[in-house]
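Number of protein chains: 4
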Amino acid sequence: MTLDDLALRLRDFAAARNWEPFHTPKNLVMALSGEVGELTELFQWLTPEESAAVLDDPGTAHDVRDELADVLLYLVRLADVLGVDLLAAAEAKIDRNEHRFPPESVG
Amino acid sequence: MTLDDLALRLRDFAAARNWEPFHTPKNLVMALSGEVGELTELFQWLTPEESAAVLDDPGTAHDVRDELADVLLYLVRLADVLGVDLLAAAEAKIDRNEHRFPPESVG
Amino acid sequence: MTLDDLALRLRDFAAARNWEPFHTPKNLVMALSGEVGELTELFQWLTPEESAAVLDDPGTAHDVRDELADVLLYLVRLADVLGVDLLAAAEAKIDRNEHRFPPESVG
Amino acid sequence: MTLDDLALRLRDFAAARNWEPFHTPKNLVMALSGEVGELTELFQWLTPEESAAVLDDPGTAHDVRDELADVLLYLVRLADVLGVDLLAAAEAKIDRNEHRFPPESVG
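Protein chains in written order, with the working numbering: chain D, 53 to 159; chain U, 53 to 159; chain C, 53 to 159; chain X, 53 to 159.
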């Protein structure tokens, strides 16, 4: 499965439920933000070390995977509704970041 | 470019800058949340209709693509550090959603 | 009850439960962010008009009040842990905003 | 200055700039969320210990106070537009929390 496949599947999912009128970019930004809030709640009381071991507990691992999935689903749906190519935008951004933050000189 | 390629590129990017100690899951969740905050600011005063036409203005379109890219970059980096397969998690979630929200019966 | 009273009550609340080690500013920022995420979820699918009438339904009204309260509680706790006078900071900011955004001149 | 004074001042501020049409609860929730995102960015790469000392640097201290102020301003404006008494809601919530999380029994 690719991001494009995922976008198509979400498009069909929304159409089959008549959810398209709710999927304005503004609403989807809020939904994305709400899911990131749920992800944040899983990490808020953890030390940095505990956060690195968060998948060791099966129950928490399930919740973390679930929230990461929700974030991706709304991000892909939002980009699709807007007509933005997410991977192209990400590649362009990382190219710019290569210039903004040159690697540390060695030796 | 695939999500896997992107994850590898971000891994190299962090290594070349000695940023790995900063990239704890906890910190990356916060970075993801901060980027979603910047995306939110682009949409906060727009009507639903204006939000649907947000790419019509070239300057705003650039900013929206840029913030969507940042959200994807931190999401992919976070999943990579955790060892989570984002697309598999998303596919599993949408499978569950198919059952949680059956399509509207027609006629 | 004032904001100062609230800060003291939250201080006692945390002390009585031995939660102080968890209440680092970093963790409290995440907790605040998580609560704003829950508030966002209450509004994400609403039209602007529906959002203005959100207190008309008693169940939703309870949830909105509850999330607004949680946001205030974490904001006050965070400011108290940092030693920031929230009302003084807000007053200073609104003074600056008066200059940044002069009122519209009238015909 | 009290929270009520602040709410009145923000009400006048919005009226003088004809910003009231923008101040729907939905938009204000997004604005609040955006400001919490800016606050999050100030803390995202800090260790817990660094986050506790964040006011030691005068520049960062100014930024932290500024973002805390922005969060309070939008929270107060949102509650005022909705007609919610923030302090009463907070007091009711902390009363409920006293029962949900009884203090640790002591030796």
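For glycine and all other residues, C-beta sits at the position ideal for the given N, C-alpha and C.
Per-residue burial, residue i [other beta carbons within 10 Å of its own, 16 or more giving buried]
{"i": "X/Met18", "result": "Outside the displayed span of chain X (53 to 159) sits residue 18 of chain X, for which this structure offers no information."}
{"i": "U/Ala67", "result": "exposed"}
{"i": "C/Val158", "result": "Low confidence applies to C/Val158: its pLDDT is 48, below 50, so where it sits in the model is not reliable, and the reading given next is rough at best. Classification for C/Val158: exposed."}
{"i": "C/Gly89", "result": "buried"}
{"i": "D/Leu60", "result": "exposed"}
{"i": "U/Ala141", "result": "buried"}
{"i": "U/Glu87", "result": "buried"}
{"i": "D/Pro77", "result": "buried"}
{"i": "X/Asp64", "result": "exposed"}
{"i": "D/Arg152", "result": "exposed"}
{"i": "X/Asp109", "result": "exposed"}
{"i": "C/Pro155", "result": "exposed"}
{"i": "U/Asn79", "result": "buried"}
{"i": "D/Ala93", "result": "The residue asked about is misnamed: residue 93 of chain D is Glu in this sequence, not Ala. Buried."}
Partner residues on chain D for residue i, Cβ-Cβ distance less than 8 Å
{"i": "C/Phe65", "result": "None at all; the shortest Cβ gap to chain D is about 16 Å."}
{"i": "U/Pro155", "result": "Ala68 and Arg69"}
First and last residue of the uninterrupted alpha helix (DSSP H) at residue i
{"i": "U/His114", "result": "Pro110 to Leu134"}
{"i": "D/Ala67", "result": "Leu55 to Ala68"}
{"i": "U/Glu72", "result": "Looking at the DSSP string, U/Glu72 is not in any alpha helix (DSSP H), and its letter there is neither H nor E."}
{"i": "D/Asp147", "result": "Leu138 to Arg152"}
{"i": "C/Ala104", "result": "Pro100 to Ala104"}
Neighbour list for residue i in chain A, Cβ cutoff strictly below 7 Å
{"i": "C/Leu55", "result": "Among the protein chains in the structure shown, which are D, U, C and X, there is no chain A."}
Residues that residue i contacts on chain C, provided the C-beta gap is smaller than 7 Å
{"i": "X/Arg61", "result": "Ile146"}
Chain X residues whose Cβ lies nearer than 8 Å to that of residue i
{"i": "C/Pro100", "result": "Thr76, Lys78 and Asn79"}
Three-pair Cβ contact test at 8 Å for the region 97 to 107 of chain X versus the region 104 to 121 of chain U | Touching, no, given that fewer than three Cβ pairs across the two stretches are closer than 8 Å.
Could you name the residues of the region 72 to 95 of chain U whose beta carbon sits closer than 7 Å to any beta carbon of chain C, in the order they occur along the chain?
-> Hits within the stretch, in order: Met82 and Ser85.
How about the region 116 to 135 of chain X and the region 54 to 61 of chain X: do they share at least three Cβ pairs that are nearer than 8 Å?
-> With a cut-off of 8 Å, the region 54 to 61 of chain X and the region 116 to 135 of chain X count as touching, because enough Cβ pairs lie within range.
Listed in chain order, which residues of the region 116 to 127 of chain U have Cβ atoms closer than 8 Å to some Cβ of chain D?
-> Contact annotation: in the region 116 to 127 of chain U, residues whose CB is within less than 8 Å of a CB in chain D are Val116, Arg117, Asp118, Leu120, Ala121, Asp122, Val123, Leu124, Leu125 and Leu127.
What residues from the region 126 to 143 of chain C come within 9 Å of chain X, judged by C-beta to C-beta, listed N to C?
-> Taking 9 Å as the Cβ-Cβ cut-off, the region 126 to 143 of chain C approaches chain X at Leu127, Val128, Leu130, Ala131, Val133, Leu134, Gly135, Val136, Asp137, Leu138, Leu139, Ala140, Ala141, Ala142 and Glu143, given in chain order.
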